[in-house]
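As given, the protein sequences belong to chains B and L, one line each in that order. With full-length UniProt numbering as the guide, the letters of the first sequence map in order to residues 1 to 248. With full-length UniProt numbering as the guide, the letters of the second sequence map in order to residues 1 to 248. The beta-carbon is built from N, C-alpha and C at its ideal position, and this holds for glycine as well. Given the structure is predicted, the values throughout are model-derived calculations rather than measurements.
Protein chains: 2
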Amino acid sequence: MPTVPDDTSHDASPSHRLRERLAPLLSLASTRGDRRLPSERDMMARLQTTRITLREALNELEAEGCVYRENRRGWFVSPPRLRYDLLACLPFHEMVRSQQRSARTLLLSAEEVIAPVTVARRLGLAEGERVYRICRARLVDERRVLYVEHHLLPRCFPAILEFDLARESLTELYRREYGIRVGRVSYELGTCVLSSDAASALNAVRGSPAQRITRINHDQNGRAIDCDDEYWRHDAIELTLSAAPQGV
Amino acid sequence: MPTVPDDTSHDASPSHRLRERLAPLLSLASTRGDRRLPSERDMMARLQTTRITLREALNELEAEGCVYRENRRGWFVSPPRLRYDLLACLPFHEMVRSQQRSARTLLLSAEEVIAPVTVARRLGLAEGERVYRICRARLVDERRVLYVEHHLLPRCFPAILEFDLARESLTELYRREYGIRVGRVSYELGTCVLSSDAASALNAVRGSPAQRITRINHDQNGRAIDCDDEYWRHDAIELTLSAAPQGV
DNA sequence: AACCTTCTTTGGTCTATACCAGAAAGCTGG
DNA sequence: CCAGCTTTCTGGTATAGACCAAAGAAGGTT
């Protein structure tokens with residue numbers, strides 16, 4: 001959202017004042033096509049401050065989700081967040097398009113590998129068993145916002161790597177080609193930072209704040225069939241969910 | 001100053017090496033009862049670096065959830081995350097105790113106020129209508145990890161402010177005193193930073209990364225009865241959730 | 001023993017400067 | 001017109017030093 005963070009507090013610290021003076025630059029940048037902010041040295045000069053102080057203010061705005069940066073390319077104003085309904089289970093492209101945004105997927109790798117221990121545990125595999133791993137980067141309005149690592153059970157999806165995985169939705173493939181429908185999903189959510197793999201896939205800086213969404217899909221019989229680890233730029237999404245309580 | 005060129009065989013960046021040299025301090029601190037790290041100046045001297053560089057490394061570790069800080073008190077090693085099942089809907093104290101941790105609640109304020117617009121919209125109120133607002137800080141193992149603002153419809157819960165809100169669970173009160181049970185919950189999740197209110201309640205620095213969990217409770221007829229905004233220290237929880245997909 | 005004041009430590013913030021490596025832009029030759 | 005090289009710009013990272021305000025400890029007073 002190009003909205004300037006609410007600054008109504010009486011706090012008059014220099015850094016706070018710096019944020020205020022930064023605000024016009026943000027709203028200016030948000031009108032540009034590429035949402036780009038001026039260079040750090042430029043802003044530093046305009047705002048009469050040091051680069052360290054400026055970067056501290058920018059880091060704060062980044063944590064709030066107002067701005068983000070691309071590795072060695074500069075700072076940008078964050079677009080509005082995408083709403084992600086955890087239980088709707090819409091394929092990525094549908095979800096994005098239903099919100100009048102454009103979606104694109106890049107296939108980074110698709111291969112058979114020995115299952116990492118954490119994946120093996122999730123899928124109920126023994127040590128050393130093999131899985132398909134599919135790594136993809138996904139873009140919303142041409143901004144790289146999501147890095148996903150998918151791990152699938154080969155016995156459920158033989159030869160799935162042959163399909164056009166950059167264009168096809170996996171859940172769609174499951175149903176059309178394998179007659180498998182997801183009966184139950186389990187999520188694990190938490191904040192984290194981007195690993196170097198994820199960071200380079202997203203043109204981000206290693207260590208940027210991120211939202212992790214780990215999802216395990218089960219078939220109609222409750223057996224795990226695949227799992228994926230999603231790493232979102234933290235300012236790119238807002239999660240929603242609505243259900244009846246279970247524990248009662 | 002004549003900076004000595006680093007050794008020829010460095011495969012990691014200086015900041016990476018700094019993290020490695022920081023590791024022993026972390027494991028040392030985690031054995032202390034209070035999990036406290038040495039002072040910044042102390043660490044800086046031990047690791048032969050600058051305060052700015054050191055703080056950058058610590059900020060990174062903070063973003064990863066390895067360490068956290070308390071305002072003007074210092075740095076600490078983060079305890080293991082609490083698991084928070086969104087659909088179990090356990091009262092806080094039960095959830096915490098079921099994981100062999102200790103829980104405590106501080107009542108910060110409980111009063112009748114004019115509903116903020118966002119709350120009014122969630123609860124289906126007209127502008128200017130009144131609600132009860134309850135603010136609490138919650139501790140796990142005596143660490144302040146959660147700041148909650150609760151907003152309730154007065155017509156559903158007359159005189160609820162009379163109860164001992166620091167000790168009683170709200171959902172428990174709903175059921176016992178008002179015969180109301182939650183029929184449906186809606187969540188909105190996202191990363192954010194601590195507001196100054198939240199920060200001071202948690203002894204945190206304004207602007208620390210946080211996990212927001214907004215929850216709207218509905219009664220058996222689907223009418224909203226209350227909502228709460230939870231702000232967690234982001235390293236304190238891991239969210240889980242398991243359900244059947246709806247959208248299919 | 002409870003309270004208040006003083007002093008020291010410590011984190012929070014800021015200034016100023018420097019060098020390196022990747023990205024972008026510009027140039028050049030085929 | 002394009003591929004490939006070179007230069008420039010820019011962010012990433014680091015050093016050194018400084019002041020302030022809050023927290024905590026120490027000590028004195030009631």
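Hey, residue i and residue j are a contact pair by Cβ (cut 8 Å); roughly how many whole angstroms apart?
| i | j | result |
| --- | --- | --- |
| ILE114(L) | GLY124(L) | 16 Å between Cβ atoms; not a contact. |
| GLN246(L) | ALA88(B) | 6 Å |
| TYR187(L) | LEU241(B) | 5 Å |
| ALA45(L) | LEU37(L) | Not confirmed; about 14 Å, so no contact. |
| GLU70(B) | ALA204(B) | 7 Å |
| ASP235(L) | SER78(L) | 5 Å |
| PHE76(L) | ARG51(L) | Wrong, their Cβ atoms sit about 18 Å apart, outside the cutoff. |
| PRO209(B) | THR53(L) | Their Cβ separation, rounded to whole angstroms, is 20 Å, which puts PRO209(B) and THR53(L) out of contact at 8 Å. |
| ARG19(B) | LEU47(B) | Wrong, their Cβ atoms sit about 10 Å apart, outside the cutoff. |
With 16 as the cutoff for other CB atoms within 10 Å, does residue i come out buried or exposed?
| i | result |
| --- | --- |
| SER109(B) | exposed |
| GLY74(B) | exposed |
| PRO80(L) | exposed |
| THR3(B) | Its pLDDT being 40, under 50, THR3(B) is placed unreliably in this model, and the value from its coordinates should be taken loosely. THR3(B) comes out exposed. |
| PRO5(L) | Its pLDDT being 30, under 50, PRO5(L) is placed unreliably in this model, and the value from its coordinates should be taken loosely. Label assigned to PRO5(L): exposed. |
| THR31(L) | exposed |
| THR118(B) | exposed |
| ASN221(B) | exposed |
| GLU149(B) | buried |
| LEU158(L) | First, the amino acid is wrong: residue 158(L) is Pro here, not Leu. With fewer than 16 other Cβ atoms within 10 Å, it is exposed. |
| ASP229(L) | buried |
| TYR174(B) | buried |
| ARG143(B) | buried |
| MET1(L) | Its pLDDT being 33, under 50, MET1(L) is placed unreliably by the model, and nothing is read from it. |
| TYR178(B) | exposed |
| ARG181(L) | exposed |
| GLU172(B) | exposed |
| ALA126(L) | exposed |
Rounded to whole angstroms, what's the CA-CA distance from residue i to residue j? Just pull it up for me.
| i | j | result |
| --- | --- | --- |
| VAL131(L) | ASP226(L) | 9 Å |
| ARG104(L) | TYR231(L) | 16 Å |
| GLU238(B) | ARG101(B) | 15 Å |
| VAL193(L) | SER200(B) | 25 Å |
| HIS10(B) | SER27(B) | A caution first: HIS10(B) carries a pLDDT of 41, below 50, which makes its placement in the model too unreliable to give a value. |
| HIS93(B) | SER169(B) | 8 Å |
| ASP7(L) | ARG41(B) | The predicted model places ASP7(L) with a pLDDT of 33, which falls under 50 and marks its position as unreliable; any figure quoted below should be read in that light. Computed Cα separation, rounded: 31 Å. |
| PRO116(B) | ARG122(L) | 43 Å |
| PRO24(L) | VAL67(L) | 13 Å |
| ASP164(L) | PRO91(L) | 15 Å |
| ARG176(B) | ARG136(B) | 21 Å |
| GLY33(B) | LEU146(L) | 39 Å |
| ARG138(B) | ARG233(B) | 11 Å |
| CYS156(L) | VAL140(L) | 30 Å |
| ARG167(B) | ILE134(B) | 13 Å |
| LEU161(L) | GLU111(L) | 7 Å |
| VAL96(L) | VAL96(B) | 37 Å |
| PRO154(L) | HIS218(L) | 15 Å |
| ARG206(L) | ARG223(B) | 45 Å |
| THR49(B) | ILE213(L) | 36 Å |
| SER98(B) | LEU61(B) | 28 Å |
| GLY65(B) | ARG55(B) | 15 Å |
| LEU152(L) | ALA120(L) | 10 Å |
| LEU86(L) | LEU189(B) | 10 Å |
| SER195(B) | ASN59(B) | 18 Å |
| ILE216(B) | ALA57(B) | 38 Å |
| VAL185(B) | VAL185(L) | 18 Å |
| ARG83(B) | SER39(B) | 31 Å |
| GLY183(B) | ARG17(B) | 53 Å |
| ARG72(L) | ARG72(B) | 33 Å |
Using DSSP's beta-bridge definition, name the partner residues of residue i.
| i | result |
| --- | --- |
| ARG104(B) | LEU139(B) |
| GLN211(L) | THR191(L) and TRP232(L) |
| ASN217(L) | VAL185(L) and ASP226(L) |
| ILE160(B) | Per DSSP, none; premise fails for ILE160(B). |
| SER242(L) | SER186(B) |
| ARG133(L) | GLU111(L) and HIS151(L) |
| VAL119(B) | For VAL119(B), which the question treats as bridged, DSSP gives no partner whatsoever. |
Cβ-heavy atom distance between residue i and the ligand FAD below 7 Å?
| i | result |
| --- | --- |
| SER195(L) | Ligands displayed in this structure: none; no statement on the ligand FAD is therefore possible. |
Item checked: Interface positions of the stretch 230-244 of chain B facing chain L (Cβ-Cβ less than 8 Å), listed along the chain -> Shown in chain order are the members of the stretch 230-244 of chain B whose Cβ falls below 8 Å from a Cβ of chain L: HIS234, ASP235, ILE237, GLU238, LEU239, THR240, LEU241, SER242, ALA243 and ALA244.
Check: Along the stretch 177-188 of chain B, what residues have a CB closer than 9 Å to any CB found in chain L?
Finding: ARG181, VAL182, GLY183, ARG184, VAL185, SER186, TYR187 and GLU188
Item checked: Against chain L: residues of the stretch 153-180 of chain B by CB proximity under 9 Å -> none
Item checked: Residues in the stretch 49-77 of chain B having any Cβ partner in chain L nearer than 9 Å -> ILE52, ASN59, GLU60, ALA63, GLU64 and GLY65
Checklist line | Residues of the stretch 88-117 of chain L whose Cβ lies closer than 8 Å to any Cβ of chain B, in chain order | finding: Residues are counted here when their Cβ sits less than 8 Å from a Cβ of chain B; for the stretch 88-117 of chain L these are ALA88, CYS89 and LEU90, given in chain order.
Margin query: By the 9 Å beta-carbon criterion, what residues does the stretch 187-211 of chain L contribute toward chain B?
Written below: If the cut-off is 9 Å between Cβ atoms, the stretch 187-211 of chain L has TYR187, GLU188, LEU189, GLY190, THR191, CYS192, VAL193, SER195, SER196, ARG206, GLY207, SER208, PRO209, ALA210 and GLN211 near chain B.
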